[in-house]
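Asks: Can you keep this structure in mind? I'll have questions shortly.
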Amino acid sequence: MKFAVSPAEAVLSCLAMAAAYVGVLYCAPTHVRALPRDHPTQILTRFFLISFVCVLSPIYMMTFYQQSANGMSLLAWLGLHRDILSTVVATGLCLLLTVVLFAGSLFASALELQKEATAMSWLEALKATQLYASFRHEHLKAIRTYIYVIHDKRISQIKQAPLTEEFVFRGCMAALLLNAGFSVSHIVFLSPLAFGVAHAHHFYEHVRGGMPWMRALAIVVFQLVYTTVFGIYATFLFLRTGQLVAIIVVHAFCNVMGFPDLSFVSPDSDLYTYRHSILGVYLVGIVCFSVLLYPVTAPTLHAYGFWAFP
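Here full-length UniProt numbering is used: position 275 in the sequence shown is 275, and no number is missing along the way.
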């Protein structure tokens, strides 16, 4: 199958899906929206509303359905395949590539862990690191949502934003834009704008919560830039590999790592004496990432990629 969609229809559809992904959150009852973002009722409501958009998006895509003798299935367009081996390989390679990019942050975390371990047990030292704090708590709250699962009378947190965001903003949107005739370079650099702008509604939330509007604006602009840059990377990986699971895993890893912590350059930091080594690892990681980016995502390694489409 393929989608008979014009460029204008594809762009409007992507904007509509982005608006629906954000707008549906305001369909929650007023008393629910007034609750803190980490309240179980607030979280479950957001989860079910966003899941509703995830169900509707591919149904909407089917309105452009057109039979094709050599076309792909809807699941294949969304980046979901029954070839488990290809999915595992793509996921492993994309995650490895991303780990290389974060080499500096990981090295700094390792040094922090080593220093902490001299005064306490390794487990306690791990819990004292910034990386562990990133895993336990939110980095850039606008990027992530949580759901709470009640199990044995305990509440556990499961990050679901990587799953829903990548499904809508990568799987659904890329398929329509490809069928509309957009080049892969246009899709890589332009479609993530919808992903970034979708987070702009947090300006209203911050101001409503009492934050000064200048500070709220600065935070939202930073988040817009950060999420757009990540969107470019995620879209590139998706088009090169055609594997949605790989992008979801990369998204989750980036959420855990958060924005690189550069506090080690401050004389007050415990890692200040290692600043040159850490900066060196950052540089090596960036260079290796740049060198490996295309070989690791080469079409010869990923049979389901969209890079050569049509």
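Every residue, glycine too, gets a C-beta built ideally from N, C-alpha and C.
Beta-carbon within less than 6 Å of VAL249's beta-carbon, same chain only, minus the 5 sequence neighbours each way: which residues are those?
Replies: Same-chain partners within the cutoff: THR91, LEU95.
Asks: ASP261: buried (16+ other C-beta within 10 angstroms of its C-beta) or exposed?
Replies: Buried is the call here.
Asks: Measuring only the C-alpha atoms, how far is VAL88 from ASN179?
Replies: Distance between the alpha carbons of VAL88 and ASN179 is about 27 Å.
Asks: Which value, in whole angstroms, describes the spacing of the CA atoms of PHE306 and PRO7?
Replies: Spanning the two alpha carbons is a distance of roughly 18 Å.
Asks: Does the distance from the CB of VAL184 to the CB of HIS202 come in under 7 Å?
Replies: No.
Asks: Here's a check: name, in chain order, each residue in its chain whose Cβ is nearer than 7 Å to the Cβ of GLY242, leaving out the five neighbours to either side.
Replies: Same-chain partners within the cutoff: GLY79, HIS302, TYR304, GLY305, PHE306.
Asks: State the Cα-Cα distance for the pair LEU93 and LEU176, rounded to the nearest angstrom.
Replies: Between LEU93 and LEU176, the C-alpha separation is close to 26 Å.
Asks: Roughly how many whole angstroms lie between the Cα atoms of LEU15 and THR300?
Replies: Approximately 33 Å between the Cα atoms of the pair.
Asks: Would you call the CB atoms of SER57 and VAL168 closer than 7 Å?
Replies: For SER57 and VAL168, yes; Cβs fall inside 7 Å.
Asks: Any heavy atom of the ligand GTP closer than 6 Å to the beta-carbon of LEU292?
Replies: This structure simply doesn't include the ligand GTP, nor any ligand for that matter.
Asks: Under 7 Å between the Cβ atoms of GLY196 and LEU163?
Replies: Cβ atoms of GLY196 and LEU163: not closer than 7 Å.
Asks: Give every residue of the same chain whose Cβ lies closer than 6 Å to the Cβ of VAL207, excluding the five residues on either side of it in the sequence, and list them in chain order.
Replies: TRP213, ALA216, listed in sequence order.
Asks: Contact between the segment 29–45 and the segment 97–109: three or more CB pairs below 8 Å?
Replies: Segments in contact, no.
Asks: Mark SER156 as exposed unless 16 or more other C-beta atoms lie within 10 angstroms of its C-beta, in which case mark it buried.
Replies: Only weak support exists for where SER156 lies, its pLDDT of 35 falling under 50; the value from the coordinates is given anyway. Burial call: exposed.
Asks: Would you mind working out which of ALA108, PHE238, PHE222, VAL281 sits nearest TYR272, comparing C-alpha positions?
Replies: Considering only alpha carbons, the answer is ALA108.
Asks: Report the three-state DSSP secondary structure of PHE3 (helix, strand or coil).
Replies: The answer is strand: DSSP assigns PHE3 an E or B state.
Asks: Give the range of the alpha helix (DSSP H) segment to which LEU224 is assigned.
Replies: Element bounds for LEU224: 213–241.
Asks: With TYR65 and MET17 assumed to form a contact (beta carbons below 8 Å), what rounded beta-carbon distance in angstroms separates them?
Replies: Not confirmed; about 17 Å, so no contact.
Asks: Which term fits ARG82, buried or exposed, when burial requires 16 or more other beta carbons within 10 angstroms of its beta carbon?
Replies: Looking at its Cβ environment, which holds fewer than 16 other Cβ atoms inside 10 Å, ARG82 is exposed.
Asks: Could you check the C-alpha separation between THR103 and THR63 for me, to the nearest Å?
Replies: Note on identity: in this sequence residue 103 is Ala, with Thr being the wrong assignment. Straight-line Cα distance between these residues: approximately 44 Å.
Asks: I need the boundaries of the alpha helix (DSSP H) containing GLN67, first residue and last residue.
Replies: Run containing GLN67: none; DSSP gives neither H nor E here.
Asks: Roughly how many whole angstroms lie between the Cα atoms of ARG37 and LEU49?
Replies: Rounded to whole angstroms, ARG37 to LEU49 spans 14 Å at the Cα level.
Asks: Check this for me: beta carbons of ILE232 and PRO192, under 7 Å apart or not?
Replies: The answer is yes: Cβ separation under 7 Å.
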